[in-house]
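Working notes for the structure below.
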Amino acid sequence: MKTLKRHSWLALAAVSALAVTSCASEPASPPKDRLCSIPAGSAEEQLLHTVIRTNTFRTDSAQPRDQRFVERMEENLHNIGDPAATYTVSGCSYVPNGQADTGRAAIDFEWVPLDEARKEPAERDTREYRLNGATGNTNDVTTNLYVQCVMPGDLKEASKKVLLHTDAAFTVNLGPVHDHHTQDQQMAFVYRMTRRATEVLGCQNKPLAKDPVVKPVTEGTP
Numbered sequence: 001m002k003t004l005k006r007h008s009w010l011a012l013a014a015v016s017a018l019a020v021t022s023c024a025s026e027p028a029s030p031p032k033d034r035l036c037s038i039p040a041g042s043a044e045e046q047l048l049h050t051v052i053r054t055n056t057f058r059t060d061s062a063q064p065r066d067q068r069f070v071e072r073m074e075e076n077l078h079n080i081g082d083p084a085a086t087y088t089v090s091g092c093s094y095v096p097n098g099q100a101d102t103g104r105a106a107i108d109f110e111w112v113p114l115d116e117a118r119k120e121p122a123e124r125d126t127r128e129y130r131l132n133g134a135t136g137n138t139n140d141v142t143t144n145l146y147v148q149c150v151m152p153g154d155l156k157e158a159s160k161k162v163l164l165h166t167d168a169a170f171t172v173n174l175g176p177v178h179d180h181h182t183q184d185q186q187m188a189f190v191y192r193m194t195r196r197a198t199e200v201l202g203c204q205n206k207p208l209a210k211d212p213v214v215k216p217v218t219e220g221t222p
């Protein structure tokens with residue numbers, strides 16, 4: 001009887017140890033953040049350094065993780081016919097170290113009607129671009145990019161009737177800079193960040209797959 005009890009106790013201990021080992025070997029995965037994280041040495045990091053004019057910055061911690069971003073964008077697409085139920089989704093925001101929060105590079109996303117990209121730029125110094133099927137415009141402070149994103153599942157047909165609009169504000173550049181090189185870099189950065197958004201959203205047509213050749217089709221007049 002004692003031998004049987006001893007064997008039972010050893011078996012229970014072995015099961016408990018296995019359970020502890022199993023839990024320890026599978027730690028909880030951190031939330032994914034492919035949309036806003038800027039890996040060191042990446043093309044996005046190099047472009048961001050140029051447009052915010054510093055090599056040190058912080059990512060705004062209030063930005064949503066990928067899953068929440070997708071949920072908000074899908075919700076907007078479901079409600080696309082109701083302006084009161086749709087809104088711009090905050091995407092990524094980067095603040096140079098040592099600078100006030102008002103001076104930053106901020107990128108937001110929304111769905112807009114197909115003809116939105118055909119509107120004339122509001123500012124005289126705005127340059128227009130055509131990039132691998134996407135259209136965009138930029139000046140010193142604002143950059144816009146429009147691209148078709150065909151969503152999967154029951155959102156497919158609705159997504160064909162709109163464009164994904166990336167609305168970027170570079171308030172670090174407030175003032176009459178008129179730096180065409182920086183404007184090109186802003187557009188290249190927004191293009192790459194928009195490509196991230198299309199990947200996170202799962203756009204079936206895989207837009208912006210190629211790296212851009214950033215060359216404006218209009219120069220803008222300072």
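Read in my numbering, the sequence shown has 21 at position 21, and its numbers run on one by one without any break.
Each residue gets a CB set at the ideal place from its N, CA and C atoms; glycine is no exception.
Note that the coordinates shown come from a computational prediction; the quantities given were computed from them, not determined experimentally.
DSSP on Thr143, reduced to helix/strand/coil?
strand
Mind checking who Tyr94 pairs with in its DSSP beta bridge?
Thr59, Ala105
Please classify Glu44: is it buried, with 16 or more other beta-carbons within 10 angstroms of its beta-carbon, or exposed?
buried
Looking only at its own chain, which residues have a Cβ that is under 7 Å from the Cβ of Thr171, when we skip the five neighbours before and after it?
Thr102, Gly103, Arg104, Val141
Would you mind reading off the limits of the alpha helix (DSSP H) that contains Asn76?
66 to 78
Could you check the C-alpha separation between Arg127 and Gly133 for me, to the nearest Å?
When rounded, the distance between both Cα atoms is 17 Å.
Helix, strand or coil for Thr213, going by three-state DSSP, please let me know.
Per the sequence shown, residue 213 should be read as Val rather than Thr. The answer is coil: DSSP assigns Val213 none of H, G, I, E or B.
Just confirm the distance between the C-beta atoms of Leu145 and Val190, as a whole number of angstroms; I'd bet it's less than 8 Å.
5 Å
Taking Cβ to Cβ, would you say Ile107 is nearer than 9 Å to Asp167?
yes
Since Thr135 and Ala158 should fall inside the 8 Å C-beta cutoff, what is the C-beta to C-beta distance between them, to a whole number of angstroms?
About 21 Å; that fails the 8 Å criterion.
Take Tyr129 and list the residues in its own chain whose beta-carbon comes closer than 6 Å to its own, dropping the five residues that flank it on each side.
Gly136, Met187, Pro216
Flag this pair as yes or no: are the beta carbons of Phe69 and Gly98 separated by less than 9 Å?
no
Measuring alpha carbon to alpha carbon, tell me which residue in Thr50, Gln67, Thr198 is nearest Leu163.
Thr198
How would you call Gln183, buried or exposed, if buried means at least 16 neighbouring beta carbons within 10 angstroms?
buried
Whose C-beta lies closer than 6 Å to the C-beta of His165 among residues of the same chain, with five residues either side of it excluded?
Glu110, Val112, Tyr146
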